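Protein chains in written order, with full-length UniProt numbering: chain A, 1 to 395; chain B, 1 to 201.
First comes the structure, then the notes that go with it.
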């Protein structure tokens with residue numbers, strides 16, 4: 001099975017999105033502003049358009065800080081589908097179990113503008129991190145990934161995404177355990193110099209200078225560079241991780257649950273650096289399960305449910321449930337303790353079970369929306385239309 | 001009445017607290033509030049008998065916590081993956097609490113725990129699913145008092161609301177005393193009948 005089937009734009013069977021003012025999958029002109037010519041893998045047409053001041057397009061609304069630098073999104077993902085090939089645990093014996101594809105993310109679309117923090121909010125275990133992996137070009141051997149991704153207006157495939165990793169798109173990992181425990185943090189931030197001979201020495205000096213600049217900007221003393229990760233406090237380790245991400249001057253940072261276990265004021269303070277990065281013109285995709293945190297630091301919120309983004313909206317829309325378009329977003333609003341603390345007995349999915357193992361459960365015939373699952377059940381019906389969709393595609 | 005009297009405790013060095021006292025009556029929901037690093041989790045562990053105080057006592061209706069057997073004070077923590085045996089299937093983990101089959105079935109139903117999970121190992125469930133299992137286990141031990149230490153931090157808002165609905169229903173039905181720790185002021189305001197500021201005492 002192929003590790004990466006990231007299709008070029010115009011590759012054919014991508015999902016048809018579209019909507020008012022957006023027809024990204026129907027036209028693929030070769031150059032900016034040129035007439036539509038379907039199938040040409042050049043600059044995406046829609047990306048070349050100036051979105052101007054249109055308030056809503058691509059199914060999302062904007063925050064005050066959202067900017068279309070050069071008339072396009074910094075990152076645009078459309079129709080992303082991630083499936084894993086795995087053994088069917090419904091079979092009696094694992095020796096004879098057939099393989100099947102379990103789709104964990106389907107037809108997901110999300111955009112990140114310059115100058116904004118977009119929070120992707122969903123239940124833990126629901127596959128949000130797979131979105132981060134897809135954007136970083138990290139694919140598991142048994143994964144098949146389809147969809148279209150543009151970065152800074154350029155269409156990307158698996159190889160170009162991998163090339164952008166650390167040079168344009170950087171990851172801030174979830175855990176400070178991602179630091180090498182046996183290497184002083186200064187060297188980890190600097191990374192390996194490139195080139196040979198004098199060029200290599202010049203690159204090493206450039207990196208050391210850049211590292212010193214970053215340390216100063218984020219309040220890390222120069223002597224911190226000689227410390228090992230276990231000698232740092234949690235907050236310092238987090239800033240070191242951020243310095244690692246910023247070392248090669250990225251345009252986009254993907255932060256995957258960067259503040260586990262911190263209370264809200266601490267988490268907001270920890271995210272102030274990401275906020276500053278966005279204010280300086282970068283884009284941040286913040287992946288979290290904590291909607292209170294998302295509302296505190298983000299400009300826009302993408303609500304993630306059952307492997308797709310059901311709504312992308314400005315944080316301001318969470319002031320009033322009437323401004324939220326999707327029933328699941330409204331259910332989230334009502335579940336917040338400062339609002340109704342409502343558990344959503346009208347059979348909304350908790351999304352917990354969408355990991356590969358649990359998705360197999362949800363895929364069992366009859367398991368979808370079965371009464372025994374009650375309000376907890378993955379894939380429990382939301383609307384009539386959803387029931388139908390679930391039956392066709394139970395994962 | 002769950003009573004902690006004149007508790008002193010520390011991990012070497014300076015004690016976290018000296019002479020700390022707390023009383024929780026059945027039916028009460030007491031929120032503990034203190035700055036980060038004060039020792040809220042440690043106090044929860046002391047109340048549930050996981051740690052012995054260096055001085056002072058913890059009693060339930062005047063009797064000290066039992067050294068062996070079922071403890072009338074059950075703790076539900078923040079990291080469900082740390083409180084289950086990684087090599088035990090979850091059905092066996094749930095059976096540890098010693099409840100009968102009907103009671104377990106009722107709790108599984110209330111918390112949405114699927115039959116299929118019982119044959120799995122802990123790493124095969126998500127954190128939220130495992131937490132629901134840990135809550136079922138704590139309730140199956142027929143506690144008189146329940147200590148909930150950041151039990152919903154790892155959950156999304158909807159699951160959090162659902163888990164607390166079950167906990168509140170069970171607490172009301174059994175007249176449990178509840179001690180809870182949460183970093184969210186909104187959640188505390190929603191749940192607690194009384195807030196104890198440990199740092200101020």
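Ideal placement from N, C-alpha and C gives every residue a C-beta, glycine not left out.
Quick caveat: nothing in here was measured; it's all calculated off a predicted structure.
Ignore the nearest five residues each way along the sequence and tell me which others in residue i's own chain have a CB closer than 6 Å to its CB.
i: residue 57 of chain B; result: 5
i: residue 106 of chain A; result: 81, 307, 308
i: residue 244 of chain A; result: 189
i: residue 33 of chain B; result: 195, 197
i: residue 22 of chain B; result: 4
i: residue 294 of chain A; result: 119, 121, 288, 301
Does the beta carbon of residue i come closer than 7 Å to any beta carbon on chain B?
i: residue 326 of chain A; result: no
i: residue 271 of chain A; result: no
i: residue 230 of chain A; result: no
i: residue 84 of chain A; result: no
i: residue 149 of chain A; result: no
i: residue 337 of chain A; result: yes
i: residue 382 of chain A; result: For residue 382 of chain A, the predicted model reports a pLDDT of 39, less than 50, meaning its position is unreliable and no value from the coordinates is stated.
i: residue 318 of chain A; result: no
i: residue 332 of chain A; result: yes
i: residue 291 of chain A; result: yes
i: residue 123 of chain A; result: yes
i: residue 341 of chain A; result: yes
Between which two residues does the beta strand (DSSP E) holding residue i run?
i: residue 32 of chain B; result: 29-33
i: residue 111 of chain A; result: 99-112
i: residue 188 of chain A; result: Looking at the DSSP string, residue 188 of chain A is not in any beta strand (DSSP E); the run it does join, the alpha helix (DSSP H), is 185-190.
i: residue 6 of chain B; result: 2-9
i: residue 91 of chain B; result: First-last for residue 91 of chain B: 90-95, but that is the alpha helix (DSSP H), not the beta strand (DSSP E).
i: residue 304 of chain A; result: 300-305
i: residue 330 of chain A; result: Here residue 330 of chain A belongs to no beta strand (DSSP E); instead the alpha helix (DSSP H) covers 327-335.
i: residue 165 of chain A; result: From DSSP, residue 165 of chain A is part of no beta strand (DSSP E); its letter is neither H nor E.
i: residue 119 of chain A; result: 117-121
Looking only at DSSP bridge pairs, what is residue i linked to?
i: residue 135 of chain B; result: Answer is none; residue 135 of chain B lacks a bridge partner.
i: residue 148 of chain A; result: A/78
i: residue 77 of chain B; result: DSSP output for residue 77 of chain B lists no bridge partner at all.
i: residue 86 of chain A; result: A/100
i: residue 178 of chain B; result: B/29, B/146
i: residue 17 of chain B; result: B/9
i: residue 63 of chain B; result: B/60
i: residue 156 of chain A; result: A/149
i: residue 22 of chain B; result: B/4
i: residue 175 of chain A; result: Paired residues: none, contrary to the question.
i: residue 428 of chain A; result: Because chain A here runs from 1 to 395, residue 428 of chain A falls outside it and cannot be looked at.
i: residue 196 of chain B; result: B/32
i: residue 194 of chain A; result: According to DSSP, which records beta bridges pairwise, residue 194 of chain A is partnered with nothing at all.
i: residue 67 of chain A; result: A/114
Beta-carbon within less than 8 Å of residue i's beta-carbon, same chain only, minus the 5 sequence neighbours each way: which residues are those?
i: residue 233 of chain A; result: none
i: residue 99 of chain A; result: 85, 86, 87, 88
i: residue 169 of chain B; result: 110
i: residue 164 of chain A; result: 137, 151, 156
i: residue 123 of chain B; result: 81, 86
Give a yes or no on whether 7 Å exceeds the smallest Cβ distance from residue i to chain A.
i: residue 173 of chain B; result: no
i: residue 104 of chain B; result: no
i: residue 108 of chain B; result: no
i: residue 161 of chain B; result: yes
i: residue 29 of chain B; result: no
i: residue 187 of chain B; result: yes
i: residue 194 of chain B; result: no
i: residue 190 of chain B; result: yes
i: residue 157 of chain B; result: yes
i: residue 74 of chain B; result: no
i: residue 131 of chain B; result: no
i: residue 165 of chain B; result: yes
Let's see if you can read the secondary structure: which residues bound the alpha helix (DSSP H) around residue i?
i: residue 197 of chain A; result: 197-217
i: residue 41 of chain B; result: 40-47
i: residue 135 of chain A; result: 128-136
i: residue 294 of chain A; result: 291-297
i: residue 190 of chain B; result: 185-191
Note down, in chain order, each residue of its chain lying with its Cβ closer than 7 Å to the Cβ of residue i, except the 5 sequence neighbours on either side.
i: residue 117 of chain A; result: 274, 275, 278, 284, 286, 297, 298, 299
i: residue 61 of chain B; result: 1
i: residue 35 of chain B; result: 199
i: residue 332 of chain A; result: 291, 303
message = Could you tell me which whole beta strand (DSSP E) segments of length 3 or greater appear in the region 245-286 of chain A?
response = 252-256
key: Uninterrupted alpha helix (DSSP H) stretches inside the region 110-154 of chain B (no shorter than 4 residues)   = Runs of the alpha helix (DSSP H) inside the region 110-154 of chain B: 127-140.
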